[in-house]
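Converting from the sequence shown to the numbering used here requires adding 1361 to each position, the first position being numbered 1.
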Amino acid sequence: MEQKTAQHFHFILMERYQLLSLVSALEVLQNANYTAERSLFTWSFHAPGDTPVSTLGSCEFPCVPLETIKAPSEVVIVGGTVIAALSNAKLNAWLARHVRQGVRLSALATGAFVLASAGMAVGEAPTLHWQFRDTFRERFPEIELSTKPYVAEGNRCSSSGGVSAIDLFLRFVADYHGEAFATRVSESMNYVTMQQVQQVASAEASARSRVKNPAVLTALEMMEGNLEHPITPPQIAQEIGVSTRQLERLFNKYLGQSPKRYYMHLRLRRAYFLLTQTNMPVIEVALACGFQSAGHFAKCFRAEFGQTPTELLKAWSV
C-alpha cells in the first residue's frame, strides 16, 4: 500500500541490545529512502526505563523516553543479552496500552522474551536467537518457538537476530510499497543471494553443535547418513539401544520436535540445495532425498518452504 507520508518506526533498545540486529533494520530503511529518492521511512530510539542503555558494540544511539511517543504504529523491540532486563514492568504497561490500538509489535534477537513477559507472544510462534532458545523454553514452556529466521505475520513479528532483521524489514518495505520496490531495495544492498539462502536457514544452531546427549547425536548421525534411503524411528531407536518412546522424548527435549519431523526437515533441506545448486531434474532430487514419488515430494516441499520444487526453480531462473 502506497504511503504519502513517511512511516515512522520506534525502536525500543533493551540493555546490552544487539547492535547488528538494529543496524540491519536501519540499513533497510535507509536504503529504501535512498532507492526512492525521498523519505519513505523515519525512525527514533527509545529506552524502556529511566536509565540509559548500552549496547554490545562501541556505537551508542541517543534514546528519548517512551512518554514522548505519540500514536505509534510500528514498535520494534531490540533485545539484548541481559535476560533479567527483558522483563520491564514500565515497558509492559506501555506496550499493553498501545497494542490495544492495533500497533504492530516486532521483536529482534531476544525480543521474544519481552513479548512473552508482557503477555503478547500471540498469533504465529515468535522466533529467537539460538543462544537463548533453551532458556526461553524453560521460562515460557507454554509458548512455542518458530525455527524460522524471521516471522512476519499479522501484528506480532520477530527475527532471530543479526542479518535476519534485513529479511523482516524488507518484508515491511514490501507491505508498504510493494514487492517490486522491496526487490529493488534488496538489490541496492547486494542482498538477493543471501535472501535465497535464508529460505532454508533455521533460527536453531546446528543440532550437532549444541546437543550433548550421546543417544541423540548418534541418531542425528544415522539420519544424516541415510537421507537417500531413510530409516524409521523404531529402527534408529533399536540401533542406539533406546525405546521408540524414549527417542521421541529425547528429540522433543533437545530439538523441540519429533524424530520423524526433524528427519523430514533434513531431507527437504538437502533437496532445496540440490535443486538450487545442481542441474538435477526434480524427480532425481526427490529420489536422492528418499521420496518415491514426485507428487509426495512436491507436497512435503510446499509444506516446508511454501512453494513446490517447480515453483522454486522458476523463481531462481528469473
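For glycine and all other residues, C-beta sits at the position ideal for the given N, C-alpha and C.
Assignment of beta-bridge partners to GLU1435 by DSSP yields PHE1370 and ARG1465. By the Cβ-count criterion, LYS1675 is exposed, with fewer than 16 other Cβ atoms from all chains shown falling within 10 Å of its own Cβ. According to DSSP, GLY1441 shares a beta bridge with TYR1378.
Restricting attention to beta strand (DSSP E) runs no shorter than 3 residues, the segment 1488 to 1542 encloses them at 1511 to 1514 and 1517 to 1520, ordered along the chain. Here DSSP, grouped into helix, strand and coil, assigns PHE1652 to coil. The beta carbons of ARG1532 and VAL1483 sit about 19 Å from each other, so the pair does not count as a contact at 8 Å. GLU1376 sits close to ALA1446, with the two beta carbons spaced by under 8 Å.
At least 8 Å separates the beta-carbon of VAL1414 from that of ILE1438. Per the coordinates, the alpha-carbon of ILE1597 lies some 10 Å from the alpha-carbon of GLU1582. For the 8 Å CB-CB criterion, VAL1577 and PHE1612 form a contact. When the alpha-carbon of LEU1588 is set against those of ARG1494, ALA1632 and HIS1538, the nearest one is in ALA1632. Within the same chain, Cβ atoms closer than 8 Å to the Cβ of LEU1648 are found at GLU1589, the five residues on either side in sequence being excluded.
In the three-state scheme derived from DSSP, where H, G and I count as helix and E and B as strand, PHE1422 is classed as coil. For the pair PHE1634 and THR1488, the Cα-to-Cα distance works out to about 23 Å. Rounded to whole angstroms, the separation of the alpha carbons of ALA1655 and GLN1462 is 47 Å. ALA1470 is a Cβ neighbour of SER1382, given a cutoff of 8 Å.
DSSP places SER1478 within a helical segment (H, G or I) once states are collapsed to three.
GLU1435 places its beta carbon 8 Å or farther from that of HIS1538. Put simply, of LEU1506, LEU1452 and ALA1408 the residue whose alpha carbon is nearest the alpha carbon of ARG1494 is LEU1506.
In this structure, the straight-line span from the alpha carbon of SER1519 to that of TYR1511 is close to 6 Å.
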